[in-house]
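>
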Amino acid sequence: MAALIQLRDLAKIYQSGEDEFAALHDVNLDIERGEFVAITGSSGSGKSTLMNLLGCLDSPSRGSYLLADRDVARLTRIELARVRNETIGFVFQNFNLLARTSALENVELPLIYAKVPPVDRHRRAREALERVGLAHRAGHHPSQLSGGQQQRVAIARALVTRPPLILADEPTGNLDSATSTEIMKLLTELQHSGMTIVFVTHEPDIAAYAARKLGLKDGAVVSDVRQQPTLEMAS
Amino acid sequence: MISAGETLRMAALALRRNKLRSFLTALGIIIGVAAVICMVSIGEGAKTRIRSSIEGTGTNVIMLFSGSSSGPGGRGGFGSQPTITWEDLRAIQTELPSVLAAAPQMRANQPVVSETSTWTTQVVGTTPDFFVIRNWPIERGEALTASDQASSAKNAVIGKTAADNLFGPGVDPVGQIVRIRDAPVTIVGVLTAKGQNGMGQDQDDAIFIPLSTFQTRMQRGLGKFVPGMIFISAVSAEGIPRARIEIAQLLRERHRLGPNDEDDFSTSSMAEMTSMLTSTTQTMTTLLASIALVSLVVGGIGVMNIMLVSVTERTREIGIRMAVGAQPADILAQFLIEALALAAIGGVIGVLLGIGIGQLLAAKFGWSMVTRGDIVALSLAVSAGVGVVFGLYPARKASRLDPIDALRYE
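Residue numbers (our numbering), protein chains in the order written: chain G, 1 to 235; chain F, 1 to 410.
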């Protein structure tokens, strides 16, 4: 089976007047199903741009992006929305939960757009919250939850549609180190259950949780190393 | 795209989250719709009242005035130059096949004194035919008769309003004696209530005495001419045009008018007066309703304003929804339905409020009010339309956001 993600000569170019700025250029990359990948780099290296392209939130200027054998660079807005809904689960640095909306309803959101009937929706959202250990907080609003708890709700929301790919953009960026460890543990568990996890971080000890580390610099992939993940070393 | 029910549920949640703002936004629509409903209902009520007062008068009634006509329904020189003689009246009563009856009406405003009070009212001298022509039966007691007429009897029938004011409500006026210009007059009957006429005058505020009594007591000496107007009934409503032609021919002949002379009298049917009055009312109603409609449009702009603010304020929410799979159409529908729900709820509340205020005003000022189903439906449709039209722009704006820009929005 072909790799889950195949990037070929992928580039993102921003234009301002006469000037062109390549946020990302000539990226060639394969990520297999079940991989645990960290994308690292300093700010401005293009790692967030890459993440947005992988997440179908943004379209590349050139090149091709095959996600599960589908060229998503050519899709319409409607098709992209469907891909985001079915194939990708997102985790953001600032959690991006809907305010004044219960944890359960936040987790249900992708299922609403997947047209899952209400009864199934509640059950699956509850299961997802259980999986991140927050079943007892289902009725709480984000403002009533700690940062770590909010991020776990966000992870529950990402996994509730059972997507093959979870993308996390600086998932621990707003969290203290103890909470960060919890979140990385959770992501590792998800990867062990068969999901493909790709996350962006600039912290080496967070990147160490991954089995593969990509280094970005000035919009290009400059390193690609396999490593022993932190949690497997410990076990 | 997700189902309408799901979108509706999301809209309800969003509106509930901002209760005060939702209410204030809907208020524009509420006031607009309430104003439209209130104005149109009162206008309709006025029209219905005029129509029913005409029907109460009788659809076959013609009024004959001295003086020349100056257009349909209008008249010039009325009363100033009486031209119709008692002889003319008799000729109309006896010679014309299309005329059923004709009754003169002499009037004077006079203080009438009862044992308990004094009330200035309309004293009308007329013949028994008058009550037949005007379709105005006696409720209690007896009517004026031909023998009352022949003997200039000091008998009277009285209208409801005058009776209440002279004797107090609930007191039976039949058999009571009042004094008109010092002459004792016996009330023999009470007329049924007729209400206001098309011009808003209370027709029940009057006391009726035989014409002969009026002539001897109120207006001494028998003049040659008939003062005031003459009520004539045609054989049927359809016979009115025929009767008017016959009356005109008769009077022109009797007054020896040449072919080039103008009529020195004029006739008018109740139907003509009605249509004149209803068209005036219609104009007023249309005017007021269009002013109210403007306020409805202003309300719609309020909805758009709030929805635009809402789209900006909830840019991140839109980004999140798009990131987890909402399609542009879902976002469009969500905001459109929010605007539509605001307008529709405002419309329903507005209709209820409009009917309520209308009834309050109607009760306070003695107007009548008719709420027409089609006007209610139209107002609701217009307010929903306002919601769609003014909601569409903000909703489109929301649905066209780029997910990545929306997510980054602070």
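All residues carry an ideal CB built from backbone N, CA and C; glycine is no exception.
Report, in whole angstroms, the separation of the C-beta atoms of residue 237 of chain G and residue 188 of chain G, which I expect to be a contact under 8 Å.
Residue 237 of chain G falls outside the range modelled here, since chain G spans only 1 to 235, and no answer is possible.
> Touch check for the stretch 38-48 of chain F and the stretch 369-383 of chain F: three-plus C-beta pairs under 8 Å?
yes
> Would you say residue 47 of chain G lies against chain F (beta-carbon separation less than 8 Å)?
Sequence index remark: in the first sequence, residue 47 of chain G carries index 47 (1-based). It does not: the Cβ of residue 47 of chain G has no partner Cβ on chain F nearer than 8 Å.
> What does the alpha-carbon distance come out to for the pair residue 33 of chain F and residue 376 of chain F?
Working through the second sequence from its first residue, we reach residue 33 of chain F at position 33. Working through the second sequence from its first residue, we reach residue 376 of chain F at position 376. Approximately 9 Å, taken between the alpha carbons.
> Would you call the stretch 114-134 of chain F in contact with the stretch 284-294 of chain F, where contact means no fewer than 3 C-beta pairs closer than 8 Å?
no
> State the DSSP-derived secondary structure class of residue 140 of chain G, mapped to helix, strand or coil.
Here residue 140 of chain G refers to the residue found at position 140 when the first sequence is read from its first residue. Coil, per DSSP.
> Check whether the Cβ of residue 58 of chain G lies closer than 8 Å to any Cβ atom in chain F.
As a working note, residue 58 of chain G is residue 58 in the first sequence. It does; some Cβ of chain F falls within 8 Å.
> Looking at C-alpha atoms only, which residue of G:49, G:68, G:47, G:53 is the closest neighbour of residue 2 of chain G?
The residue labelled residue 2 of chain G in the question sits at position 2 within the first sequence. For the residues G:49, G:68, G:47, G:53, the minimum Cα distance to residue 2 of chain G belongs to G:68.
> I need the straight-line Cα distance from residue 72 of chain F to residue 66 of chain F, nearest angstrom please.
The residue given as residue 72 of chain F occupies position 72 in the second sequence. The residue given as residue 66 of chain F occupies position 66 in the second sequence. In this prediction, residue 72 of chain F has a pLDDT of 44, which is less than 50 and means its spatial position is unreliable; what the coordinates show is noted afterwards. For residue 72 of chain F and residue 66 of chain F, the gap between their C-alpha atoms comes out near 15 Å.
> Residues bridged to residue 155 of chain F by DSSP?
Within the second sequence, numbered from 1, the residue matching residue 155 of chain F stands at position 155. Beta-bridge partners assigned by DSSP to residue 155 of chain F: F:186.
> Name the DSSP bridge partner or partners of residue 259 of chain F?
In the second sequence, the residue the question calls residue 259 of chain F occupies position 259. Partner(s): none; residue 259 of chain F has no beta bridge.
> From the DSSP output, which residues share a beta bridge with residue 411 of chain F?
Absent from the model: residue 411 of chain F. The displayed extent of chain F is 1 to 410, so no value can be given.
> State the Cα-Cα distance for the pair residue 78 of chain F and residue 339 of chain F, rounded to the nearest angstrom.
Taking the second sequence and counting its residues from 1, the one referred to as residue 78 of chain F is at position 78. Taking the second sequence and counting its residues from 1, the one referred to as residue 339 of chain F is at position 339. Only weak support is given to the placement of residue 78 of chain F: the predicted model assigns it a pLDDT of 47, under 50, and the question is left unresolved by the model.
> Across which residues does DSSP place residue 11 of chain G in a beta bridge pair?
Locating residue 11 of chain G in the first sequence gives position 11, counting from the first residue. DSSP, once it has assigned bridges, lists G:62 as partnering residue 11 of chain G.
> Using the rule of at least 16 other Cβ atoms within 10 Å of the residue's Cβ for burial, across every protein chain shown, is residue 417 of chain F buried or exposed?
No answer is possible for residue 417 of chain F: the residues shown for chain F start at 1 and end at 410.
> Does DSSP put residue 76 of chain F in a helix, in a strand, or in coil?
Numbered from its first residue, the second sequence carries residue 76 of chain F at position 76. Note that residue 76 of chain F scores a pLDDT of 48, beneath 50, so its modelled location is shaky; the value from the coordinates is reported in the next line. Looking at residue 76 of chain F - three-state DSSP - the assignment turns out to be coil, as it is neither helix nor strand.
> Give me the Cα-Cα distance between residue 27 of chain F and residue 346 of chain F, rounded to the nearest whole angstrom.
Position 27 of the second sequence, counted from the start, is the residue given in the question as residue 27 of chain F. Position 346 of the second sequence, counted from the start, is the residue given in the question as residue 346 of chain F. Residue 27 of chain F and residue 346 of chain F: Cα-Cα distance of roughly 7 Å.
> Counting only beta-carbon atoms, is residue 142 of chain G nearer than 8 Å to chain F?
Position 142 of the first sequence holds residue 142 of chain G. So, not an interface residue.
> Whole angstroms is fine: what's the gap from residue 157 of chain F's alpha carbon to residue 204 of chain F's?
The residue you call residue 157 of chain F lines up with position 157 of the second sequence. The residue you call residue 204 of chain F lines up with position 204 of the second sequence. For residue 157 of chain F and residue 204 of chain F, the distance between alpha carbons rounds to 11 Å.
> Check whether the Cβ of residue 376 of chain F lies closer than 8 Å to any Cβ atom in chain G.
Numbered from its first residue, the second sequence carries residue 376 of chain F at position 376. So, not an interface residue.
> Taking Cβ-Cβ distances shorter than 7 Å, what residues in chain F pair up with residue 98 of chain G?
Counted from its first residue, the first sequence places residue 98 of chain G at position 98. By Cβ distance, chain F contributes 317, 320.
> Which whole runs of the alpha helix (DSSP H) in the stretch 107-155 of chain F are 4 residues long or more, in chain order?
129-133, 146-150
> Mind checking which residues open and close the beta strand (DSSP E) that includes residue 217 of chain G?
Translated into positions along the first sequence, residue 217 of chain G becomes position 217. Its beta strand (DSSP E) spans residues 212-217.
> When burial is assigned at 16 or more other CB atoms within 10 Å of the CB, is residue 403 of chain F buried or exposed?
Numbered from its first residue, the second sequence carries residue 403 of chain F at position 403. Its Cβ being crowded by 16 or more others within 10 Å, residue 403 of chain F is buried.
> From F:233, F:153, F:50, pick the residue whose C-alpha is nearest to that of residue 98 of chain F; which is it?
Indexing the second sequence from 1 puts residue 98 of chain F at position 98. That would be F:233, whose Cα lies nearest to the Cα of residue 98 of chain F.
> Answer yes or no: does any C-beta atom of chain F fall closer than 8 Å to that of residue 81 of chain G?
Counting from 1 along the first sequence, the entry for residue 81 of chain G is found at position 81. So, interface residue.
> Buried or exposed: where does residue 28 of chain G fall if 16 or more other Cβ atoms within 10 Å of its Cβ makes it buried?
The sequence position of residue 28 of chain G within the first sequence is 28, counting from 1. Residue 28 of chain G is exposed by the Cβ-count criterion.
> Given that residue 14 of chain G touches chain F, what residues does it touch there, using C-beta distances under 8 Å?
On the first sequence, position 14 is the one that residue 14 of chain G refers to. Per Cβ cutoff of 8 Å: no residues; residue 14 of chain G is ~12 Å from chain F at best.
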